[in-house]
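Student: First the structure, then my questions, so here it is.
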Amino acid sequence: MYVPSTDGPLRQCEVLTDAVEFIPVPESLDSAEGLLSKPTIHPLCIVVSQDCDLEFDYKARFESPNDQKLAPHILLCD
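The numbering used here puts the first residue of the sequence shown at 2, with every later residue one more than the last.
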């Protein structure tokens, strides 16, 4: 049985449950609050970003905060 890691980077082909995607609401650009977003929950999805990009992103966020190798997006398939 596969047990996903909870203390490291995401991995390519890892299956996620209840992933939340925040989708910008274009109409909110003109509002006083600025750009708003609407959360969308994906019950099941698979990570399709490459392992090397995910590893670089994890290290930049949690191990070397001065590193600039952040992934702007993580690719997922429903």
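Just so you know, even glycine gets a beta-carbon here, dropped at the ideal spot from N, CA and C. This one's a predicted model, so the numbers in the text were calculated from it and none came from an experiment.
How many Å lie between Lys60 and Leu11 at the Cα?
Tutor: So the alpha carbons of these two residues sit roughly 11 Å apart.
Student: Which residues does DSSP pair with Lys39 in a beta bridge?
Tutor: Bridge partners of Lys39: Ile24.
Student: Looking at the structure shown, is Leu30 part of a helix, part of a strand, or coil, going by DSSP?
Tutor: Correct three-state label for Leu30: helix.
Student: Along the chain, where does the alpha helix (DSSP H) that runs through Cys53 open and close?
Tutor: Run containing Cys53: 52-59, per the alpha helix (DSSP H) assignment.
Student: Quick one, are the C-beta atoms of Pro40 and Asp19 less than 8 Å apart?
Tutor: Not in contact: Pro40 and Asp19 (Cβ atoms no closer than 8 Å).
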